[in-house]
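Okay, structure first, notes after.
In this note's numbering, the protein residues as written are -3 to 359.
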């Protein structure tokens, strides 16, 4: 890097902090290492593609600095190397001295800073309730206790404004200043949708984690559902983001979180007697069990079955099997399943590494 700065073609590298350049090289090294490990089979999981240059149409930018490249001054301003002091608006106080900061600019032209700090979170007081959650499109979440949360449909509500802004963008001349303004207008509308969806997921997940000791959800294949005719509605709901928040907040605050298998017939099994019926189309929202005559709401019944499966996988399980054999056990009898059926997350005694979106400012 030092030799490159001394060449005529690369002398502009000296205009930015060397910490940023070193971090960029470190990121490139990680990307190449993951790619070659994926090709050779040493890396498990989905195939990792080869690194490629960033698209010139992508207006997002980001830099990362370590301790010797930034500092938080006593006047509550952020100092960045080769940039100077920047006035900021803090969203919260930092729990400890940050070890690094990532400054990024989104497509809407907004600047944010995300700090990495050492944080130790205290567990919530123990609660007595345990719930199962059935995620859907008619209702965003249906709980096993009968509560239903409406699907906000943020993207659908902003569709009219987005259509108008995108049409205006399409009429602008390529490379003109007006096209840049129209592009930022579209980006701001999408940013408002994403912010509203994230805020809704944070508030709901925090409330559920605070009030319940154990939470169980179904392991949905969002990627698969995103290739169906319901793709737009599925992505608008933001299930993956919501479930990820439940998982890390459960680990942080001493709650139990579990995922049951996605092929569990939660919508076909009667939560009262355990009778398994035939597959039901999506328009069937209520049905009556032919074995015991119990009337069920489709979503509430699924949430009850999710809770029952999650509880049977714990050591002190209580509840009947959702997929009973030839002789189903009574619901009052404790039982366990052979083999793991869900993934549980507990609280760790080690200090957590937390990314804190601490500050933002406008250009």
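Virtual Cβ for every residue (Gly too), placed ideally from N, Cα, C.
Counting C-beta pairs closer than 8 Å gives three or more between the stretch 100 to 108 and the stretch 43 to 60, which meets the contact rule.
Judged by DSSP secondary structure, residue 144 falls within the beta strand (DSSP E) whose first and last residues are 144 to 146. In this structure residue 95 is exposed. Its beta-carbon is surrounded by fewer than 16 other beta-carbon atoms within 10 angstroms. Going by DSSP, residue 128 is part of the beta strand (DSSP E) stretching over 126 to 131. In the three-state reduction of the DSSP assignment, residue 97 falls in the strand class. Counting only runs of at least 4 residues, the stretch 173 to 206 fully encloses no alpha helix (DSSP H) element at all. A Cβ-Cβ distance of about 7 Å is found for the pair residue 76 and residue 61, placing them in contact under the 8 Å criterion. Where residue 235 is concerned, the enclosing alpha helix (DSSP H) starts and stops at 235 to 248. Residue state for residue 116 is assigned as coil, using DSSP reduced to three classes. Assignment of beta strand (DSSP E) within the stretch 57 to 82, counting only whole runs of 3 or more residues, yields 57 to 62, 66 to 68, 74 to 76 and 80 to 82 in chain order. Per DSSP, reduced to three states, the secondary structure at residue 7 is helical. Contact annotation: the stretch 125 to 136 touches the stretch 231 to 243, with at least three C-beta pairs closer than 8 Å.
About 20 Å separates the CB atoms of residue 259 and residue 211; that is not less than 8 Å, and the two are not in contact.
Judged by DSSP secondary structure, residue 139 falls within the beta strand (DSSP E) whose first and last residues are 135 to 139.
DSSP places residue 279 outside both helix and strand once states are collapsed to three, so it counts as coil. Its Cα nearest to that of residue 206, the residue 121 stands out among 121, 148, 166 and 213. Nearest to residue 70 by C-alpha distance, out of 83, 78, 79 and 63, is 83.
Leaving aside the five residues that flank residue 246 on each side, the residues in its chain whose CB is nearer than 7 Å to its CB run, in chain order, 205, 211, 252, 253 and 341. Here residue 32 is not near residue 47, since their CB atoms are 8 Å or more apart.
The secondary-structure analysis by DSSP pairs residue 293 across a beta bridge with 282.
When Cβ pairs closer than 8 Å are counted between the two stretches, the stretch 292 to 306 is seen to touch the stretch 208 to 228, the count reaching three or more. Residue 292 is classed as buried because its beta carbon has at least 16 other beta carbons within 10 Å across all chains shown. Exposed is the label assigned to residue 93, since fewer than 16 other Cβ atoms lie within 10 Å of its Cβ.
Around the C-beta of residue 63, fewer than 16 other C-beta atoms lie within 10 Å, and the residue is accordingly described as exposed. In this structure, residue 154 sits near residue 185, with a CB-CB distance shorter than 8 Å. Residue 80 counts as exposed, since fewer than 16 other beta carbons sit within 10 angstroms of its beta carbon.
In the structure shown, residue 85 adopts extended strand secondary structure according to DSSP, grouped into three states. Excluding residues up to 5 positions away in sequence, 150 and 234 lie with their Cβ nearer than 6 Å to the Cβ of residue 193 in the same chain. Straight-line measurement puts the Cα of residue 19 at about 10 Å from the Cα of residue 25. Taking 8 Å as the cut-off, the Cβ atoms of residue 266 and residue 299 do not count as close. Looking at the backbone, the Cα of residue 280 and that of residue 137 are separated by about 18 Å.
In the assembly as shown, residue 262 is a buried residue. Its beta-carbon has 16 or more other beta-carbons within 10 Å.
Going by DSSP, residue 31 is part of the alpha helix (DSSP H) stretching over 14 to 36. In the structure shown, the three-state DSSP call for residue 254 is strand.
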